[in-house]
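Residue numbers (the numbering used here): 1 to 205.
Even for Gly, the Cβ is constructed at its ideal location relative to N, Cα and C.
Here is the structure we will look at.
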């Protein structure tokens, strides 16, 4: 797949993650890419916050692995029919072979059960013992789980993100008292994007 070397190459409808020190992260959507600038739909609060001629850091993740980042300038703003931000084009787009993984501090109740690598693949719902915990940190690849019980090799449960309900299977990769590092297993791109969208709504400095 052709690498992106300049912002003119970014496809319409691409989500652009934007960072501004003092505000944090937000999510823009590229609705038009012409020879003059990038035309992006913006959340209302970021549109109100960011002035023209301000420099912002941008990230795009068009593939399952890898990411691009670039720094650009807000050329202008349009308030109607919805908040629009115009970003300046740049030829300085940097490719990273691995995704930059944003970690948000959260407090999400998590209902789950545990199983080991030796557990039979078929077991009935009567065999399941549900536990309660709290997700304290979250990325699109892993989480930090706080729970009073000691999980086995794997945990499985439901992650409620606003109106989105995601089935999570995670491998326990680290233990520190009642805190457990969980690495997600078999999570598809649709669910990863939903998690990222949630992270960008709660992530602030």
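- Here residue 95 is actually not in contact with residue 11; their C-beta atoms are around 16 Å apart, not less than 8 Å.
- With a cut-off of 8 Å on Cβ pairs, the stretch 34–46 is in contact with the stretch 85–93, counting three or more such pairs.
- Within the same chain, 128, 129, 130, 131, 155, 156 and 157 come within 8 Å of residue 113 by CB-CB distance, once the 5 residues on both sides are set aside.
- If the five residues before and after residue 82 are omitted, its C-beta is found closer than 7 Å to the C-beta atoms of 41, all from its own chain and listed in chain order.
- In terms of Cβ geometry, residue 17 and residue 49 do not form a close pair [threshold 8 Å].
- Judged by their CB atoms, residue 139 and residue 180 are not nearer to each other than the 8 Å cut-off.
- Collapsing the DSSP output to three states places residue 78 in a strand.
- Using a 10 angstroms sphere on the CB of residue 185, the tally of other CB atoms stays under 16, which defines it as exposed.
- Checking the DSSP bridge columns, you'll see residue 143 partnered with 138 and 182.
- Looking at the backbone, the Cα of residue 7 and that of residue 85 are separated by about 15 Å.
- Contact check for residue 14 and residue 62: beta-carbon distance about 6 Å, within the 8 Å limit, so the pair qualifies.
- Distance from residue 52 to residue 74 at the Cβ level is roughly 5 Å; contact confirmed, criterion being Cβ atoms closer than 8 Å.
- Contact check for residue 166 and residue 194: beta-carbon distance about 6 Å, within the 8 Å limit, so the pair qualifies.
- In the DSSP assignment, residue 111 is bridged to 132 and 158.
- Partner residues in the beta bridge of residue 68, as assigned by DSSP, are 60 and 95.
- For residue 35, the three-state secondary structure derived from DSSP is coil.
- For residue 55, the CB contacts under 7 Å within the same chain, skipping 5 residues up- and downstream, are 71 and 73 in chain order.
- Rounded to whole angstroms, the gap between the alpha carbons of residue 190 and residue 196 is 10 Å.
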